[in-house]
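The listed protein sequences correspond, in order, to chains A and B.
So for the first sequence, my numbering puts the first residue at 447; every next one is plus one.
So for the second sequence, my numbering puts the first residue at 122; every next one is plus one.
Glycine is no exception: its CB is placed at the ideal position from the N, C-alpha and C atoms.
Predicted model only: the values in this text are computed from it and were never measured.
Heads up: the structure comes next, in structure tokens.
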Amino acid sequence: MHTFQTKNLNFLHCHSISFKINVTEILGLSGASGSGKSRLLRALADLDEHEGDVFLDEINQQRQPPHQWRKKVALLSAETHWWFDTLGAHFSQQDSPAFSNDLNALGFSKKCMQWRVARLSSGEKQRFGLLRLLQNKPQVLLLDEPTANLDENNSRLFEKFVIQYLFNNKACAVWVGHDVQQLKRICTQRYLLENGELKHVD
Amino acid sequence: MLITLDALDLSMAALLVLLLGGLSAYMKLGVSQQLYIAAARTTVQLLLIGLVLKTLFASTSIIFILFISFIMISVAGWEILSRQQRKLKGWWGFGVSTGSLFVSSFLITLLCLFAVVQADPWYSPQYAIPLLGMLLGNTMTGIALGIDRLIQNAWQQRPQIEQRLMLGQTASEAISGLRREAMRAGMIPIMNSMAAAGLVSLPGMMTGQILAGAAPVEAVKYQILIMFMISSGTGLGVISVLWFISKRLFDERERLCFKQLLKE
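Structure follows, in structure tokens:
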């Protein structure tokens, strides 16, 4: 049974942030721009300074080497960055049938691996960014407005794909977004970050 | 017979420097003030050292020669810091730059004096001081370029480095590409000198020795010795300084963190 939880997390102006997510659950998080949503995800991935505890099962974040923690608790930022010329160079396990299936599930084919990174749209970058992140088989996904640049149809594909991943890998997720309908559809618990506090939404 | 330069000869060359400064000011390239300061410094510093060099070479006191070397290394370390576009934190920056010069220039000069030149006494100033000076002058350029390239790139490519961290890379993996580039930047000047020596440029020390009447083959041997010392010294110096700085670019939780490295 995997659980991901925080106890009294403090960073910037945000304080006493506590929540608990069970396996296959998605926690929905919304809030005004600048309320600290992205900073919360960065703190969970240990990319920013913060106080308080974060646990994956019994593992304390601060007791793990940071790079190993970030493989298990993986952050997909709103903007992804790429350094090789072609998309394929960023992926190490392209030949497995599972990888082809994942590509298809998000609306792509294996040919896409030859694309040049410079011509990717922001919606494509977000979807390939997720696939790149999943190569580490993370147990917690921290998704920062992952469907912000996708149309309705592709958003649905993305949601289905993430839910499938959580079930297959006994993982859970934090999903930051502004679309209330979407969050209601996929999340088991919803929160609002406002004035530095995390408020439960019924 | 040496042709002596009079004031008119020097002022013609100075006029060229003035013209360059004027052109740079006109094109808003922002180097004219630094250029004038550097030109004034080179004039004053060389005049002063020219006056005392005879006395210095006549000295036999090891304490005095070590003291002079210490001053040379400190000044070179200070110059490395002032060449940086983003200023390193005071004493730490000074410690790293002088420390790397100590490894790259002082220790290599010592090795060369003991094992190769074998003058009597080993610290004979007419060998020790010019050797150390040539090493410092060259390695200081390489180290300054290496630091500048690493920090500028890390600053500009911050999103990419953090993306690598998000993918579970260690701090060292996340910055390996930048380190390679900084190493290359630091080594370019001496690589150029070695590749061009004899074909494009005649190194100053060798030419001077030949003009002063030394056998060409002897002068060439000295020049090769110097080139090898400079390249290995520069390499060691850049490696050590890149190691220190890339450690300092990340905090203990492998987060990219400029505040412990740079001034506000």
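Terminal residues of the alpha helix (DSSP H) in which residue i lies
| i | result |
| --- | --- |
| ILE170/B | 153-179 |
| ILE268/B | 246-277 |
| MET327/B | 325-332 |
| GLN540/A | Segment: none, GLN540/A is in no alpha helix (DSSP H) and carries neither H nor E. |
| ASP130/B | 128-147 |
| TRP364/B | 337-369 |
| ALA489/A | 483-490 |
| GLN627/A | 626-632 |
Range covered by the beta strand (DSSP E) that runs through residue i
| i | result |
| --- | --- |
| ALA520/A | 519-522 |
| ILE472/A | 472-476 |
| GLU676/A | A query on residue 676/A cannot be resolved here, the shown segment of chain A reaching from 447 to 648 and no further. |
| LEU639/A | 635-640 |
Where residue i meets chain B, residues with beta-carbon distance less than 9 Å
| i | result |
| --- | --- |
| ASN582/A | LEU288 and GLY289 |
| SER523/A | PRO280, GLU283, GLN284 and MET287 |
| ARG578/A | LEU288 |
| ALA653/A | Nothing can be reported for residue 653/A: it is not among the residues displayed for chain A, which extend from 447 to 648. |
| ARG516/A | LEU286, MET287, LEU288, GLY289, GLN290 and GLU375 |
Three-state class that DSSP yields for residue i in the structure shown
| i | result |
| --- | --- |
| ASP590/A | strand |
| SER190/B | helix |
| ARG285/B | helix |
| TRP621/A | strand |
| THR230/B | helix |
| SER386/B | Within the shown structure, residues of chain B are numbered from 122 to 385, placing residue 386/B beyond reach of any answer. |
| ALA318/B | strand |
| LEU549/A | helix |
| ARG207/B | coil |
| ARG376/B | coil |
| HIS527/A | coil |
| ASN313/B | helix |
| ASN582/A | coil |
| ILE296/B | coil |
| ILE124/B | coil |
| LEU150/B | coil |
| LEU596/A | coil |
Neighbour list for residue i in chain A, Cβ cutoff strictly below 7 Å
| i | result |
| --- | --- |
| GLU283/B | LEU493 |
| ARG374/B | ASP492 and PRO512 |
Where residue i meets chain B, residues with beta-carbon distance less than 7 Å
| i | result |
| --- | --- |
| TRP529/A | GLN281 |
| THR526/A | GLN284 |
Supposed close pair residue i, residue j - CB separation, criterion 8 Å
| i | j | result |
| --- | --- | --- |
| ILE264/B | GLY307/B | 6 Å |
| LEU222/B | ILE250/B | Not a contact, Cβ separation roughly 15 Å. |
| SER245/B | ILE311/B | Contact doesn't hold; Cβ gap of about 26 Å is too wide. |
| LEU587/A | LEU522/A | 7 Å |
| PHE604/A | ARG573/A | 7 Å |
| MET255/B | MET326/B | 7 Å |
| GLU294/B | PRO512/A | Not really, about 12 Å apart at Cβ, beyond 8 Å. |
| GLY623/A | GLU591/A | 6 Å |
Residues that residue i bridges to, as DSSP identifies them
| i | result |
| --- | --- |
| GLU497/A | ASN456/A |
| LYS466/A | GLN451/A |
| ARG562/A | THR532/A |
| LEU383/B | LEU209/B |
| ILE505/A | LEU502/A |
Listed by chain order, chain B residues near residue i by CB distance under 8 Å
| i | result |
| --- | --- |
| LYS466/A | Those within 8 Å of LYS466/A in chain B number zero; the least Cβ separation is about 23 Å. |
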